[in-house]
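Student: If you use the numbering used here, the sequence shown corresponds to residues 7 to 90, in order. Pasting in a structure now, in structure tokens, and then I'll have a few things to ask.
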Amino acid sequence: MEYVTVNLRVGKRTNRVLGVMKERYGLRDKGAALDKFAELYGSELVEDEVKDELVRDIIRSCDKHVKKHGFRKMSLVELDRIGR
Numbered sequence: 007m008e009y010v011t012v013n014l015r016v017g018k019r020t021n022r023v024l025g026v027m028k029e030r031y032g033l034r035d036k037g038a039a040l041d042k043f044a045e046l047y048g049s050e051l052v053e054d055e056v057k058d059e060l061v062r063d064i065i066r067s068c069d070k071h072v073k074k075h076g077f078r079k080m081s082l083v084e085l086d087r088i089g090r
């Protein structure tokens, strides 16, 4: 994990929450508590980075599909059959 230095001013409640997280999870300091908080709740706000191998797999899958089926469009009747 890459770290950056941040100077923060937080409210009393936030300080208490970080202190409780620090103790509950046995962390070394409130910075680690903030990291833990981001780990637990950050995915609700920010998506994780996609790994390169996953992107390559998706591209390969799409290429395979296009080679097999081409860029053929479905008719409305075919789409209706899928939806049933």
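Think of the CB as a built atom: it goes at the ideal place given N, C-alpha and C, for glycine as much as any other residue.
Pairing CB atoms from the stretch 48-59 with CB atoms from the stretch 73-87, are three or more of them under 8 Å?
Tutor: The answer is no - the stretch 73-87 does not touch the stretch 48-59, with fewer than three Cβ pairs under 8 Å.
Student: Taking just the CA atoms, how far does K70 sit from E45?
Tutor: Going from the Cα of E45 to the Cα of K70 covers about 36 Å.
Student: Should L82 go down as buried or exposed, given a rule of 16 or more other Cβ atoms within 10 Å for buried?
Tutor: Exposed is the call here.
Student: By DSSP, does K42 sit in helix, in strand, or in coil?
Tutor: Correct three-state label for K42: helix.
Student: Over what stretch of residues does the alpha helix (DSSP H) that includes N21 continue unbroken?
Tutor: 18-30 is the span of the alpha helix (DSSP H), which, as asked, contains N21.
Student: Could you check what DSSP says for K36 in three-state terms: helix, strand or coil?
Tutor: Note: K36 maps to helix in three-state DSSP.
Student: Taking 9 Å as the cut-off, decide whether the C-beta atoms of R19 and K28 are in contact.
Tutor: For R19 and K28, no; Cβs fall outside 9 Å.
Student: Among the residues of its own chain, which have a CB less than 8 Å from the CB of G25, if the five just before and after it don't count?
Tutor: Here the set comprises K36, A39.
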